[in-house]
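**Student:**
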Amino acid sequence: MKAIKELSPQVGTAAACRSLGVPRATLYRHRQSKPAEPATTLPGTRLRVRPPRALSDQERQRVLDVLHSEPFADKAPAEVYAGLLDQGQYLCSIRTMYRILDERQEVRERRDQLRHPTYHKPQLVATAPNQVWSWDITKLLGPAKWTYFRAIQLTPPTTTGSMVGMEEFYPRTILELEDQFATEDACREYLMRLRWPKGFVCPRCGHQGGWSATRGLVICQGCRYQASVTAGTIFQDTHKPLRLWFRAIWQVTSQKNGASALNVQQVLGLGSYLTAWTWLHKLRRAMVRPGRDCLGGRVEVDETYVGGESEGKGRSTDKALVVIAVEEDGLGMGRIRMARIADATRDSLHRFIQASIQPGSSIHTDGNPSYTGLEAIGYAHEATVLLGRGKDAATELLPRVHRIAALLKRWLLGTHQGAVHPTYLDYYLDEYTFRFNRRTSRSRGKLFYRLLQQAAQVEPVPYRSILADAAKTDDHNM
Ligand SMILES: [Zn+2]
Numbered sequence: 027m028k029a030i031k032e033l034s035p036q037v038g039t040a041a042a043c044r045s046l047g048v049p050r051a052t053l054y055r056h057r058q059s060k061p062a063e064p065a066t067t068l069p070g071t072r073l074r075v076r077p078p079r080a081l082s083d084q085e086r087q088r089v090l091d092v093l094h095s096e097p098f099a100d101k102a103p104a105e106v107y108a109g110l111l112d113q114g115q116y117l118c119s120i121r122t123m124y125r126i127l128d129e130r131q132e133v134r135e136r137r138d139q140l141r142h143p144t145y146h147k148p149q150l151v152a153t154a155p156n157q158v159w160s161w162d163i164t165k166l167l168g169p170a171k172w173t174y175f176r177a178i179q180l181t182p183p184t185t186t187g188s189m190v191g192m193e194e195f196y197p198r199t200i201l202e203l204e205d206q207f208a209t210e211d212a213c214r215e216y217l218m219r220l221r222w223p224k225g226f227v228c229p230r231c232g233h234q235g236g237w238s239a240t241r242g243l244v245i246c247q248g249c250r251y252q253a254s255v256t257a258g259t260i261f262q263d264t265h266k267p268l269r270l271w272f273r274a275i276w277q278v279t280s281q282k283n284g285a286s287a288l289n290v291q292q293v294l295g296l297g298s299y300l301t302a303w304t305w306l307h308k309l310r311r312a313m314v315r316p317g318r319d320c321l322g323g324r325v326e327v328d329e330t331y332v333g334g335e336s337e338g339k340g341r342s343t344d345k346a347l348v349v350i351a352v353e354e355d356g357l358g359m360g361r362i363r364m365a366r367i368a369d370a371t372r373d374s375l376h377r378f379i380q381a382s383i384q385p386g387s388s389i390h391t392d393g394n395p396s397y398t399g400l401e402a403i404g405y406a407h408e409a410t411v412l413l414g415r416g417k418d419a420a421t422e423l424l425p426r427v428h429r430i431a432a433l434l435k436r437w438l439l440g441t442h443q444g445a446v447h448p449t450y451l452d453y454y455l456d457e458y459t460f461r462f463n464r465r466t467s468r469s470r471g472k473l474f475y476r477l478l479q480q481a482a483q484v485e486p487v488p489y490r491s492i493l494a495d496a497a498k499t500d501d502h503n504m
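This is the structure we're talking about:
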């Protein structure tokens, strides 16, 4: 440092520092540093000459007493100062108050420490129907996440006519989906709720009640069996995250016409087309609800050929015969059922009708002799003979069936680009039926919920079994 000080007047400060390898900042810091203070002062305090007009010790004590007094003990000096002025008193400046307090280390924490009481949102929680009664249509929290009770007031509240039912929860938009199913745990919990809506039931011993373990396992309280949420559903043995499955289901249900395997593969970034194809087939299995209701009322039934190069009724190996039943609902259409049949014989058609239409219903067909004899198995039959009429007669007489046939063919050509092998046609018919029968759903999310709910209840379908169906030509869940 000394060398630099000698050198700098001659060559300049920068050059001197550079030549001796000392940073200039170091030099300046060195110049500014003062000699160490005498050891008599306490660390942290500075020697200060007492100004001639400073407050005397008695005056300082008086200020301190005021600061410690009841009304000002918790006030900041500025508030004390203002308070004193209101009373017509002036003791000292605000700064002096700080200085006096600082000497005794009393500056901090003079303020009132405001503490808000913890606010608990009032909530009514019901664990079973009929516990919490509401004045109006209200959504009430259920016993677990994502379950709600919807209270509906049917009659004036003075009478006992309220109805409470468990409401289904489902995402309504893609954002809700992303938020609610952001983690595997969230997906597993949702699946658990769908699978055991009334609480866990052991699949081995039937005991009610289990402990949740990691990775979606539930341990039976009765026999200690470790049940997996996905075992026994179409998600069994999947190596892909449930999050991906949920998004595949959303992809399939959120669009009016569904999604093709190629579409799902691209959107979800699945490695192989075959994975997407298999997933969609597994989901199609879930689209048929076990023990679904049969059609009833007045039902139109007719058969049509699907696939092949040319439309119309021609025998060909790449064409499949599909029988369609449509409920009449005024001038419109109710629910539908479809099935692929091996041939248009009386046996095939009667079996389809018995499997999908309630006895006692009225069945409207064309003059095909295969439909005769329906009265014998408990149906009312109305046959309209088309022979000798114009080309459009069939469309006029059974308009609903023909409308469905046209829509089905358009869907197969549009969404699936006609890439439907006749052996898998059954599953596409199931998907179309699922979509059509839920076409009036308020929300697409409801379809998501239904499909997921059924997927959690349908037996697992291994990939091999889906391929094996190719060999099977037997009738399919009729
Ligand atoms: Zn058990």
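In this note's numbering, each residue's number is its place in the sequence shown (first place is 1) plus 26.
In this text, a Cβ means the ideal position worked out from N, Cα and C, and glycines have one as well.
Bear in mind the structure is a predicted one, so any value in this text is a computation, not a measurement.
1) For the beta strand (DSSP E) that residue 347 lies in, which residues bound it at each end?
2) Is it the case that the stretch 243-251 contacts the stretch 292-306, given that we only count it when at least three CB pairs across the two stretches are under 8 Å?
3) Since I believe residue 370 is in contact with residue 517 (beta carbons under 8 Å), could you give me their beta-carbon distance rounded to a whole number of angstroms?
4) Taking the beta carbon of residue 27 as the centre, do at least 16 other beta carbons fall within 10 Å, making it buried, or is it exposed?
5) Could you check the C-alpha separation between residue 37 and residue 58 for me, to the nearest Å?
6) Is the beta carbon of residue 484 less than 7 Å from the beta carbon of residue 312?
7) Measuring alpha carbon to alpha carbon, tell me which residue in 216, 203 and 117 is nearest residue 171.
8) Less than 6 Å between the CB of residue 258 and some heavy atom of ligand 1, yes or no?
9) On the criterion of 16 or more Cβ atoms from any shown chain inside 10 Å, does residue 221 qualify as buried, or is it exposed?
10) Going by beta carbon distance, what residues of the same chain come within less than 7 Å of residue 228, once the five residues before and after it are set aside?
11) By the 10 Å Cβ neighbour count, where 16 or more other Cβ atoms means buried, how is residue 223 classified, buried or exposed?
12) Apply the 10 Å Cβ neighbour rule to residue 25 and answer buried if 16 or more other Cβ atoms are within range, or exposed otherwise.
13) Taking only three categories from DSSP, how would you classify residue 181?
14) Compute the distance between the beta-carbons of residue 401 and residue 390, then report whether it is under 7 Å.
15) Quick one: Cα of residue 459 to Cα of residue 291, how far?
16) What distance in whole Å lies between the Cβ atoms of residue 294 and residue 477, which are believed to be in contact at a cut-off of 8 Å?
17) Give the single residue among 363, 470, 118 and 125 whose Cα lies nearest to the Cα of residue 321.
18) From residue 132 to residue 93, what distance separates their C-alpha atoms?
19) Residue 274: which of 324, 452 and 296 sits nearest, CA to CA?
20) Any heavy atom of ligand 1 within a distance shorter than 6 Å of the CB on residue 273?
21) Would you report the Cα separation of residue 52 and residue 31, rounded to the nearest angstrom?
22) Between which two residues does the beta strand (DSSP E) harbouring residue 410 extend?
23) Along the chain, where does the beta strand (DSSP E) containing residue 331 start, and where does it finish?
24) For residue 231 versus residue 268, is the C-beta distance shorter than 7 Å?
25) Whole angstroms is fine: what's the gap from residue 272's alpha carbon to residue 145's?
26) By Cβ distance below 8 Å, which residues in the same chain neighbour residue 182 in space, the five residues on each side in sequence not counted?
27) Runs of 4 residues minimum, wholly inside the stretch 106-139: which ones carry the alpha helix (DSSP H) assignment?
28) Following the continuous beta strand (DSSP E) through residue 392, name the residue where it begins and the one where it ends.
29) DSSP on residue 190, reduced to helix/strand/coil?
**Tutor:** Let me lay it out:
1) DSSP places residue 347 in the uninterrupted beta strand (DSSP E) bounded by 346-355.
2) Contact between the stretch 292-306 and the stretch 243-251 is absent, because fewer than three Cβ pairs lie under 8 Å.
3) Residue 517 is absent from the model: the chain starts at 27 and stops at 504.
4) Around the beta carbon of residue 27, a 10 Å sphere encloses fewer than 16 other beta carbons of the protein chains shown; the residue is thus reported as exposed.
5) Residue 37 and residue 58: Cα-Cα distance of roughly 21 Å.
6) One thing to note: residue 484 has its Cβ within 7 Å of the Cβ of residue 312.
7) Of 216, 203 and 117, the residue nearest in Cα terms is 216.
8) Every heavy atom of ligand 1 is 6 Å or more from the Cβ of residue 258, so no.
9) Result: buried.
10) Within the same chain, 236, 246, 248, 249, 251 and 253 come within 7 Å of residue 228 by CB-CB distance, once the 5 residues on both sides are set aside.
11) Exposed, since its Cβ has fewer than 16 Cβ neighbours within 10 Å.
12) Only positions 27 to 504 of the chain appear in this structure, which leaves residue 25 out of reach.
13) Legend: pLDDT at residue 181 = 38, less than 50; position of this residue unreliable, value from coordinates given subsequently. Residue state for residue 181 is assigned as coil, using DSSP reduced to three classes.
14) Not in contact: residue 401 and residue 390 (Cβ atoms no closer than 7 Å).
15) Approximately 23 Å, taken between the alpha carbons.
16) Contact flag wrong, Cβ pair sits at about 16 Å.
17) When each option's Cα is compared against that of residue 321, the closest is 363.
18) Between residue 132 and residue 93, the C-alpha separation is close to 10 Å.
19) Closest by alpha carbon: 296.
20) It does not: the Cβ of residue 273 is nowhere closer than 6 Å to a heavy atom of ligand 1.
21) Answer to the nearest angstrom: the Cα atoms are 12 Å apart.
22) From DSSP, the beta strand (DSSP E) with residue 410 extends over 406-410.
23) Note, residue 331: beta strand (DSSP E), 324-332.
24) Taking the C-beta atoms as reference points, residue 268 is found no nearer than 7 Å to residue 231.
25) Residue 272 and residue 145: Cα-Cα distance of roughly 36 Å.
26) Below a pLDDT of 50, predicted positions are generally treated as unreliable, and residue 182, at 38, falls in that range; no measurement from the model is reported.
27) You should have 120-129.
28) Residue range 388-392 is occupied by the beta strand (DSSP E) that includes residue 392.
29) The pLDDT assigned to residue 190 is 39, lower than 50, so where the model puts this residue is not dependable; a value taken from the coordinates is nonetheless given after this. Looking at residue 190 - three-state DSSP - the assignment turns out to be strand.
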